[in-house]
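S.K.: Okay, so the sequence shown: first residue is 1467 according to the working numbering, each after it adds one.
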Amino acid sequence: MPPKPCWRARVTETDLLVIGGGITGQSAALFAAQAGARVTIVDAQRNAGSHANAGSLHVQMQSRFLRLNPHLADNLESSLPLYLSAVTAWEALDTRLGGVELTREGGLMLAEDEAQLDFLRQKAERETRKGLDVEILDRDELFSLAPWLGEAIAGAELCRNEGKLNPLVANRKMRGALGSLGVEHVHDRITRIEEGSPPTAEGEGATYSAGAILVAAAWGAEALAKPLGLTIGTPPEPLHMNITEAGDYRIRHLVQHAERPITLKQFRSGQVVIGGGWDANLASAESRAPTIRRQSLLGNVALASRIAPGIAGLRVLRTWAGYNTPVDGKATIGPVRNGSRVFLALPGDAGYTLGPITGQAAAALSLGTDPPIDPAPYSPARWRS
Ligand SMILES: Cc1cc2nc3c(=O)[nH]c(=O)nc-3n(C[C@H](O)[C@H](O)[C@H](O)COP(=O)(O)OP(=O)(O)OC[C@H]3O[C@@H](n4cnc5c(N)ncnc54)[C@H](O)[C@@H]3O)c2cc1C
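(1) Where does Ser-1522 fall in DSSP's three states?
(2) Is the distance from the Cβ of Pro-1854 to the Cβ of Ala-1787 below 7 Å?
(3) Below 7 Å CB to CB, which residues in the same chain sit around Arg-1850 once its five sequence neighbours on both sides are set aside?
(4) Report yes or no: do three or more beta-carbon pairs, one from the segment 1742-1754 and one from the segment 1719-1729, lie closer than 8 Å?
(5) Are there 16 or more other CB atoms within 10 angstroms of the CB of Ser-1753, so buried, or fewer, so exposed?
(6) Per DSSP, Ile-1659 is paired with what?
(7) Where do the N-terminal and C-terminal ends of the alpha helix (DSSP H) with Lys-1731 fall, by residue?
(8) Are the beta-carbon atoms of Val-1681 and Ile-1485 separated by less than 7 Å?
(9) Please determine if the segment 1577-1593 and the segment 1631-1638 are in contact, where contact requires at least 3 C-beta pairs separated by less than 8 Å.
(10) May I ask whether a heavy atom of ligand 1 can be found less than 6 Å away from the beta carbon of Ile-1485?
(11) Which residue from Glu-1567, Ser-1832, Phe-1809 puts its Cα closest to that of Lys-1731?
(12) At a cut-off of 6 Å, is Asp-1714 close to ligand 3 when judged by its beta-carbon and the heavy atoms of the ligand?
(13) According to DSSP, is Gly-1635 part of a helix, a strand, or is it coil?
(14) Considering Cα atoms alone, identify which of Arg-1716, Gln-1492, Tyr-1715, Val-1505 is closest to Ala-1678.
(15) Below 8 Å, how does it come out for the segment 1534-1550 and the segment 1611-1622: are there three or more Cβ pairs, yes or no?
(16) Roughly how many angstroms lie between the CA atoms of Glu-1668 and His-1517, to the nearest whole one?
(17) With DSSP run on the structure shown, which of helix, strand or coil describes His-1537?
(18) Under 8 Å by Cβ, that's how I've got Ala-1770 and Ser-1735 pegged, so tell me the actual separation to the nearest angstrom.
(19) Using 8 Å as the Cβ pair cut-off and three pairs as the minimum, do the segment 1595-1614 and the segment 1490-1502 touch?
(20) Comparing alpha-carbon positions, which option in Pro-1792, Gly-1671, Gln-1588 lies nearest Thr-1657?
(21) Spatial neighbours of Ala-1555 within its chain, please: CB distance less than 6 Å, with the 5 preceding and 5 following residues excluded, ordered by chain position.
(22) When you measure from the CB of Tyr-1549 to every non-hydrogen atom of ligand 1, does any distance come out below 6 Å?
(23) Taking the beta strand (DSSP E) that Asn-1708 falls in, what are its first and last residues?
(24) Measuring alpha carbon to alpha carbon, tell me which residue in Arg-1772, Thr-1710, His-1651, Thr-1490 is nearest Pro-1727.
(25) How would you write the range of the beta strand (DSSP E) that Asn-1766 sits in, first residue to last?
(26) Check this for me: beta carbons of Thr-1490 and Ala-1830, under 7 Å apart or not?
(27) Where does Ala-1475 land, buried or exposed, given buried means 16+ other C-beta within 10 angstroms?
(28) Assuming the contact rule is C-beta atoms closer than 8 Å, Met-1575 and Leu-1563 should be a hit. Round their C-beta distance to whole Å, please.
(29) Residues in the same chain with beta-carbon distance under 8 Å from Gln-1835, minus the five sequence neighbours each way, listed in chain order, please.
(30) What number of angstroms, rounded off, separates the C-alpha of Gln-1526 from the C-alpha of Ala-1581?
(31) Can you find a C-beta in chain C that's less than 7 Å from the C-beta of Ala-1816?
(32) Return yes when the Cβ of Leu-1523 is within less than 7 Å of the Cβ of Gly-1477, no when it is not.
(33) Does DSSP classify Glu-1623 as helix, strand or coil?
(34) Start and end of the alpha helix (DSSP H) containing Val-1553?
(35) If you count every other CB in all the chains shown that lies within 10 Å of the CB of Gln-1761, and 16 or more means buried, which is it?
(36) Could you pull out every residue in the same chain whose Cβ sits closer than 7 Å to the Cβ of Ala-1774, ignoring the five residues on either side in sequence?
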């Protein structure tokens, strides 16, 4: 339901106002509330990537990102230490939330020919230099780990740092944890932020005054940051997903391909989650949410059943589309300028993986405590025009 105009006169005062209630904003809120802050999350409840994602814990550089954004490869590569911290943060969150079906049995990026294997070898060398635990597997080594693979697969890169979790469980438990800490949730869309003392945010339904404001609005951040002097491109990228009925639990790794857009994994329930970057349609005034494309559904599941022929008999139960916000392949974490009480928390890419560490780091900065990572490489200063 759209917010009611009669809320207009309300002024909410809080220690930390978090704009955006996806995994990044929620993680920031959890961190701050645990530290004793009064926290309000204000969220437009529109197209959160966190409600559409596949639960892959990515660490190795995704071939799709490198293929589509060769000019941003350095950003992604320099972010690899953040990905390592991100999976550690997820493990802590898994414990904190009482289990989100998180496993870290590694990720496989598959190759079908020598050229693709060469690409993976070079990628693995770069990743090893950044501290990732990766190895190139020949066909025999690979099939002993993953005997369910299709005949065409010639080898793979194994990244032992990678894993998966169930985002439906994680999102539900996160909401419960925030509720028990007294974090307030408000349904509203923020239209403008003022960096005064204290900073304020104008919503369609109310005005918010806070000790600090943290923007974790993903695709919505661009419009909020522009009047603050930051030109940051956050166009939404509408992507397609599928989930099948349950089969025997055999696929333990997160699976990707060196050249084709796919991520494939199996939940403990036996359901196979298939995605990996197939296009969907942008939301329209009529649909409000992104809509699926028939050719993405067909192409995505056809590719999946070539990679893992055993899943070909499983029925697809549901398909959906959601907004990814890749930005420039690098997180943005910190105050909009030195001394500002307005902070940005944007994961950059693989945002469900990076959301908790990004949110925690930004929240720590807003509270004046030590962040869990060095935020300097992710400073918003690079967006100042
Ligand atoms: C189909 C799909 C599959 C994906 N799979 C994976 C995966 O397996 N692993 C992975 O790591 N990542 C994955 N991603 C990416 C990931 O889901 C997102 O990058 C991540 O969830 C971003 O989290 P966030 O909290 O930063 O933003 P979001 O979850 O997008 O939340 C942003 C929130 O901000 C709110 N908002 C925006 N503007 C305003 C405003 N002006 N006022 C108030 N509220 C506002 C929105 O309503 C939204 O609720 C996937 C994405 C998609 C679309």
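For each residue, glycine too, the CB sits at the ideal point set by N, CA and C. As the structure is a prediction and not an experimental result, all values here were calculated from the model.
M.R.: By the coordinates alone:
(1) Ser-1522: strand per DSSP, three-state reduction.
(2) Nothing about residue 1854 can be reported from this structure: the residues present for the chain run from 1467 to 1851 only.
(3) Excluding residues up to 5 positions away in sequence, Gly-1695, Leu-1696 lie with their Cβ nearer than 7 Å to the Cβ of Arg-1850 in the same chain.
(4) A contact between stretches requires three or more CB pairs, one per stretch, nearer than 8 Å, and the segment 1742-1754 meets this requirement with the segment 1719-1729.
(5) Its Cβ having fewer than 16 others within 10 Å, Ser-1753 is exposed.
(6) Ile-1659 pairs with Ala-1667.
(7) For Lys-1731, there is no enclosing alpha helix (DSSP H); the residue is found in the beta strand (DSSP E) stretching over 1729-1732.
(8) In contact: Val-1681 and Ile-1485 (Cβ atoms closer than 7 Å).
(9) No, they do not touch.
(10) Between ligand 1 and the CB of Ile-1485, the shortest heavy atom gap is smaller than 6 Å.
(11) With distances taken between Cα atoms, Lys-1731 lies closest to Glu-1567.
(12) The model depicted lacks ligand 3 and carries ligand 1 instead.
(13) Going by the sequence as given, residue 1635 is Val instead of Gly. Note: Val-1635 maps to helix in three-state DSSP.
(14) Minimum Cα distance to Ala-1678 is reached at Val-1505.
(15) Contact fails between the segment 1534-1550 and the segment 1611-1622, because fewer than three Cβ pairs, one in each stretch, are under 8 Å apart.
(16) Each residue's alpha carbon lies about 25 Å from the other.
(17) In the structure shown, His-1537 sits in a helix (DSSP, three-state: H, G or I).
(18) Under the criterion of beta carbons closer than 8 Å, Ala-1770 and Ser-1735 do not qualify as touching, at roughly 17 Å.
(19) Result no; under three Cβ-Cβ pairs closer than 8 Å.
(20) It is Gly-1671 whose Cα lies nearest to the Cα of Thr-1657.
(21) Listed in chain order, the non-local C-beta contacts of Ala-1555 below 6 Å within the same chain comprise Pro-1822, Ile-1823, local neighbours out to five positions each way being set aside.
(22) Taking 6 Å as the cut-off, the C-beta of Tyr-1549 does not count as close to any heavy atom of ligand 1.
(23) Start and end: 1703-1712.
(24) Between Pro-1727 and the set Arg-1772, Thr-1710, His-1651, Thr-1490, the nearest pair of CA atoms involves Arg-1772.
(25) No beta strand (DSSP E) holds Asn-1766; the alpha helix (DSSP H) holding it covers 1760-1773.
(26) Contact: no.
(27) A caution first: Ala-1475 carries a pLDDT of 49, below 50, which makes its placement in the model unreliable, though a value can still be read off. Exposed, because fewer than 16 other Cβ atoms sit within 10 Å of the Cβ of Ala-1475.
(28) Between Met-1575 and Leu-1563 the beta-carbon gap is near 29 Å, outside 8 Å, which marks them as no contact.
(29) Here residue 1835 turns out to be Thr, not Gln, going by the sequence shown. Annotation for Thr-1835: Ala-1501 place their beta carbon closer than 8 Å to its own, counting only its chain and skipping 5 residues before and after.
(30) Their Cα atoms are separated by approximately 19 Å.
(31) In summary, chain C is missing from the structure at hand, where a single protein chain is found.
(32) The sequence shown places Val at residue 1477, not Gly. Going by C-beta atoms, Val-1477 is not nearer than 7 Å to Leu-1523.
(33) Strand at Glu-1623.
(34) Boundaries of the alpha helix (DSSP H) harbouring Val-1553: 1546-1562, taken from the DSSP string.
(35) Flag for Gln-1761 reads exposed.
(36) Same-chain partners within the cutoff: Trp-1614, Leu-1615, Gly-1616, Ile-1717, Leu-1730.
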